[in-house]
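As they're listed, the protein sequences go chains A and B. In terms of the numbering used here, the first sequence opens at residue 655 and continues consecutively. In terms of the numbering used here, the second sequence opens at residue 4 and continues consecutively. Glycine included, C-beta positions come from ideal geometry on N, C-alpha and C. As structure tokens, the structure follows; a few thoughts come after it.
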Amino acid sequence: AQSVTQLGSHVSVSEGALVLLRCNYSSSVPPYLFWYVQYPNQGLQLLLKYTSAATLVKGINGFEAEFKKSETSFHLTKPSAHMSDAAEYFCAVSAGFGNEKLTFGTGTRLTIIP
Amino acid sequence: EAGVAQSPRYKIIEKRQSVAFWCNPISGHATLYWYQQILGQGPKLLIQFQNNGVVDDSQLPKDRFSAERLKGVDSTLKIQPAKLEDSAVYLCASSGSDRVGTQYFGPGTRLLVL
């Protein structure tokens, strides 16, 4: 069984500041991990994914995430926040090929302060 | 490449009425998923198809929800009769042949049951 915990349902940062969104996972098998972003009234857009290759994963829009097995974490970061980053962010886990079902966290709403 | 298409985008119905949602996946994607996203929560998988066969429908409330994927392409999700707690966004996603099973989401259908 797999699960995801996203710490902080709401995060506010100033424009230009570091963005850090936290995700911890639980998985009985080596996981595949994903970050998706959801803008208002839209579907989910894939930001980045971890597939057991490099532990530091770079995604779109300047985001990156680091897989830390010892901490069972996959936190999302961006060095400098932009107003356009305001959205809901979801972390998700799957067991990979043959069992691609995604289990999502409850999401973190990111607000950017001008 | 065209993305996942869904219709309608919005639907308002009275409780006990029926409703149907349509999804057209990315061309060539064999796997199709329907998720339910209740306000303030992460998406929850309802059903997964591989071509036109059901892989996982363990969380589909089968007394009122049904889904089909004729010819292994388009899919419809039906609710009959609808309850107030079915108010949610219904997301369709598809995945292709990459070993990770990366899922790409449509814009969703927002359902309000009155």
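Cutoff 8 Å: residue i Cβ touching any chain A Cβ
{"i": "Asp66 (chain B)", "result": "no"}
{"i": "Thr105 (chain B)", "result": "yes"}
{"i": "Thr112 (chain B)", "result": "no"}
{"i": "Gln44 (chain B)", "result": "yes"}
{"i": "Ser10 (chain B)", "result": "no"}
{"i": "Thr79 (chain B)", "result": "no"}
{"i": "Gln39 (chain B)", "result": "no"}
{"i": "Phe52 (chain B)", "result": "no"}
{"i": "Leu94 (chain B)", "result": "yes"}
8 Å Cβ cutoff met for residue i and residue j
{"i": "Ser98 (chain B)", "j": "Thr34 (chain B)", "result": "yes"}
{"i": "Val103 (chain B)", "j": "Lys703 (chain A)", "result": "yes"}
{"i": "Thr705 (chain A)", "j": "Tyr679 (chain A)", "result": "no"}
{"i": "Ile766 (chain A)", "j": "Ala735 (chain A)", "result": "yes"}
{"i": "Ala746 (chain A)", "j": "Thr760 (chain A)", "result": "no"}
{"i": "Leu42 (chain B)", "j": "Gln62 (chain B)", "result": "no"}
{"i": "Leu87 (chain B)", "j": "Ile15 (chain B)", "result": "no"}
{"i": "Ala749 (chain A)", "j": "Gln656 (chain A)", "result": "yes"}
{"i": "Pro733 (chain A)", "j": "Leu672 (chain A)", "result": "yes"}
Residue i: first and last residue of the uninterrupted beta strand (DSSP E) it sits in
{"i": "Cys95 (chain B)", "result": "91-98"}
{"i": "Phe68 (chain B)", "result": "68-71"}
{"i": "Leu42 (chain B)", "result": "Note, Leu42 (chain B): premise wrong, no beta strand (DSSP E); not H, not E."}
{"i": "Thr659 (chain A)", "result": "657-659"}
{"i": "Ala746 (chain A)", "result": "741-748"}
{"i": "Tyr693 (chain A)", "result": "Element bounds for Tyr693 (chain A): n/a, residue is neither H nor E."}
{"i": "Gln62 (chain B)", "result": "No beta strand (DSSP E) holds Gln62 (chain B); DSSP gives it neither H nor E."}
{"i": "Ser706 (chain A)", "result": "It is not in any beta strand (DSSP E) - Ser706 (chain A) carries neither H nor E in the DSSP assignment."}
{"i": "Val683 (chain A)", "result": "Neither: Val683 (chain A) is in no beta strand (DSSP E) and is coded neither H nor E."}
{"i": "Ile714 (chain A)", "result": "Here Ile714 (chain A) belongs to no beta strand (DSSP E), and DSSP marks it neither H nor E."}
{"i": "Ile766 (chain A)", "result": "762-767"}
{"i": "Val665 (chain A)", "result": "664-668"}
{"i": "Val673 (chain A)", "result": "673-675"}
Spatially closest choice to residue i from the options, by CA coordinates
{"i": "Gln20 (chain B)", "options": "B:His32, B:Ile82, B:Arg12", "result": "B:Ile82"}
{"i": "Asn54 (chain B)", "options": "B:Glu88, B:Leu73, B:Gln9", "result": "B:Leu73"}
{"i": "Val92 (chain B)", "options": "B:Gly6, B:Ser10, B:Ala5", "result": "B:Ser10"}
{"i": "Glu742 (chain A)", "options": "A:Gln656, A:Ser668, A:Gln660", "result": "A:Gln660"}
{"i": "Tyr66 (chain B)", "options": "B:Ala85, B:Gly75, B:Pro28", "result": "The residue you asked about is not Tyr; residue 66 (chain B) is Asp in the sequence shown. The shortest C-alpha separation from Asp66 (chain B) is found at B:Ala85."}
{"i": "Ala8 (chain B)", "options": "B:Leu114, B:Ala96, B:Ala70", "result": "B:Ala96"}
{"i": "Ala186 (chain B)", "options": "B:Asp59, B:Leu94, B:Gly56, B:Gln106", "result": "Past the edges of chain B, shown from 4 to 117, lies residue 186 (chain B), and the structure says nothing about it."}
{"i": "Gly6 (chain B)", "options": "B:Tyr107, B:Pro64, B:Glu71, B:Gln39", "result": "B:Tyr107"}
{"i": "Asp101 (chain B)", "options": "B:Leu114, B:Gly31, B:Tyr38", "result": "B:Gly31"}
Beta carbon proximity, residue i to chain B, threshold 8 Å
{"i": "Ser754 (chain A)", "result": "It is worth fixing the name first, because residue 754 (chain A) is Glu in this sequence and not Ser. Closer than 8 Å: yes."}
{"i": "Tyr693 (chain A)", "result": "no"}
{"i": "Gly697 (chain A)", "result": "yes"}
{"i": "Tyr686 (chain A)", "result": "yes"}
{"i": "Gly759 (chain A)", "result": "yes"}
{"i": "Thr659 (chain A)", "result": "no"}
{"i": "Leu710 (chain A)", "result": "no"}
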